[in-house]
Amino acid sequence: MLNKYPLWKYILILAVLVIGFIYSAPNLYPDDPAIQVTGASTALQVNQADLDRVSKALTDAGIAVKGASLAENGKGGLLRLTKQEDQLPAKDVARKALGDDYVVALNLAQTTPKWLRSIGATPMKLGLDLSGGVHFLLEVDMDKALSARLNVYEGEVKSLLRKEKVRYRSLPQDNGAIQLGFSDADTREQARALIRKDYTDFDITTSDRGEMPILRLAMTPAKIAEIREYSIKQNLTTVRNRVNELGVAEPLVQRQGANRIVVELPGVQDTAEAKRILGKTANLEFRLGAGPDDSKATTEMFEFREGGRPAAPVERGLIITGDQVTDAKAGFDEHGRPQVNIKLDGHGGDLMSRATRANVGRSMAVIFIEQKPTTTYTKQMVNGVEKDVPVQTFKEEKKIISLATIQSPLGAQFRITGLNGAGESSELALLLRAGGLAAPMYFAEERTIGPSLGADNITKGIDASLWGMLFVSLFILAIYRFFGLIATVALAFNMVL
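Start counting the sequence shown at 43; every next residue gets the next number (this note's numbering).
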């Protein structure tokens, strides 16, 4: 007697099979090689005219464009290509067409139909060894790391002398060394004793410039090596944190040599956004506004990010930088303007409290720092053909986002304003939360990488499964006939699901 089941059970089994087939279908659609375009800043949006301009430039360069479309999330656009080997030339052409206000990155574009994506049906996420991805090689600027640390030390040393009421005269740095002038040799020796007590990592030498006694502080070779090692480790940690903040699945972030970091992003990712965030060196500096008695040698002039305000002088010495930030959250003030709520570590909180307590009534500047790229093109012979080869350089831009009077001493928690929109406040909070870069980084290399041994293993596994299923199906069909057919169909459904 045949077993019989209620109708609803058959319907349930059929529904499960149909749903399973639908959600496994995206794996049948291979990715397209593509280039992705976004604005270099959150305020700049890519529009269809930008994509049309790039498409025309690519067509003129003999590179076939499969399609161009704006991203569904409003962040940038995607240009699909027909061949993977066209990606690198296409990236150079797009960069030349758009200029330095845009970020162009290599990517892999999904070809899953929109109706499948609308119900959440996407291809299976594979790791770098199975699906390939994008490779970035970042180079750390060690000279900038040493210069930044020296500026911090200079500010601390001057704060120490002011606290002990030792009068000095600021002088420009000389070949990586701090210079201080004094009115007489006794004052210089007093300062030397104070500095040697608290700072053991300096080689301290004396000299005279005319009748002015000079104290020269240069970092020891051991300290320089320590800063270099710290810089690469700190940047490595920061890059890992930034990748984690972006939600990238199974990334590879590792050190290469003395001053390079390798980042590999598997599968289909928002590589333009990742490239922009990874290469972003936005940071903050907090400095006192220049006083009436400060000389030009001890101050710097900075422009405001907001137009219409004249440049303002601030002291060269730093109170703190973004490196002392332990937490940062984007938000809005009582007037609906974007802000970032800052929380400092213990040392940073002490420095801020000490500086603001001693300078109530003076102004304090918050300086926004970022590296602005400039691309030039030179004629070079490549494989016997003269081509325009891009050469990218970076210039550090520092501008004041806030210059306000210190009304009362600040502690470890406060807020900063003056940012250009909610997007920038969110991005700055992400960068500060992930950790400050000890030194700027530049993209030394970028390319797409194919799947490694894992892809070959997948192919062999699929082949083995298909051949195994074929032989098993033939055997049970020959032995069990109709019931063998039912078993074969059930096996096929089981493999798909």
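Even for Gly, the Cβ is constructed at its ideal location relative to N, Cα and C.
Cβ distance (whole Å) where residue i is taken to contact residue j below 8 Å
i, j, result
"residue 463", "residue 334", "In fact, because the Cβ distance is near 36 Å, the residues do not count as touching under 8 Å."
"residue 362", "residue 388", "Rounded, the Cβ-Cβ distance is 12 Å, inconsistent with contact."
"residue 241", "residue 223", "Contact doesn't hold; Cβ gap of about 18 Å is too wide."
"residue 367", "residue 474", "5 Å"
"residue 261", "residue 243", "6 Å"
"residue 266", "residue 188", "6 Å"
"residue 317", "residue 135", "Incorrect: roughly 17 Å between the Cβ atoms, too far for contact."
"residue 177", "residue 458", "Actually they are not in contact, since the Cβ atoms of residue 177 and residue 458 sit about 36 Å apart, beyond 8 Å."
"residue 308", "residue 292", "5 Å"
"residue 273", "residue 184", "6 Å"
"residue 109", "residue 88", "In fact, because the Cβ distance is near 15 Å, the residues do not count as touching under 8 Å."
"residue 438", "residue 422", "Their Cβ separation, rounded to whole angstroms, is 27 Å, which puts residue 438 and residue 422 out of contact at 8 Å."
"residue 532", "residue 302", "In fact, because the Cβ distance is near 54 Å, the residues do not count as touching under 8 Å."
"residue 138", "residue 148", "Going by Cβ atoms, the distance from residue 138 to residue 148 rounds to 16 Å, so no, they are not a contact pair."
Distance CB(residue i)-CB(residue j) smaller than 8 Å
i, j, result
"residue 511", "residue 181", "no"
"residue 77", "residue 121", "yes"
"residue 154", "residue 71", "yes"
"residue 105", "residue 75", "no"
"residue 256", "residue 246", "no"
"residue 143", "residue 99", "no"
"residue 408", "residue 444", "yes"
"residue 314", "residue 514", "no"
"residue 356", "residue 329", "yes"
"residue 354", "residue 373", "no"
"residue 431", "residue 416", "no"
"residue 220", "residue 325", "no"
"residue 371", "residue 454", "no"
"residue 113", "residue 213", "no"
"residue 269", "residue 191", "yes"
"residue 480", "residue 276", "yes"
"residue 358", "residue 342", "yes"
"residue 227", "residue 203", "no"
"residue 547", "residue 530", "Absent from the structure is residue 547, since the part of the chain shown begins at 43 and ends at 539."
"residue 151", "residue 73", "yes"
"residue 347", "residue 441", "yes"
Identified DSSP bridge partners for residue i
i, result
"residue 441", "410"
"residue 455", "385"
"residue 181", "302, 484"
"residue 415", "436"
"residue 224", "Its beta-bridge partners do not exist; DSSP assigns none."
"residue 423", "428"
"residue 369", "385"
"residue 491", "175"
"residue 525", "Beta-bridge pairing links residue 525 to no other residue."
"residue 447", "405"
"residue 219", "260"
Item to check | Start-end ranges of the beta strand (DSSP E) lying completely within the region 314-355, minimum 3 residues | outcome: 325-330, 341-344
Next on the checklist: Three Cβ pairs or more, each shorter than 8 Å: is that satisfied between the region 445-453 and the region 390-400?
Outcome noted: yes
Checklist entry - If we count Cβ pairs, one from each stretch, closer than 8 Å, do we get three or more for the region 194-208 versus the region 265-282? => result no
Next on the checklist: Quick check: the region 156-166 against the region 90-98, are at least 3 beta-carbon pairs closer than 8 Å?
Outcome noted: no
Checklist entry - Unbroken alpha helix (DSSP H) runs of length 4 or more, entirely within the region 143-168: which are they? => result 156-160
Next on the checklist: I'd like the ranges of any beta strand (DSSP E) spanning at least 3 consecutive residues and lying wholly in the region 228-291.
Outcome noted: 244-251, 254-261
Checklist entry - Quick one: complete beta strand (DSSP E) runs, 3+ long, within the region 56-128? => result 74-81, 107-112, 119-123
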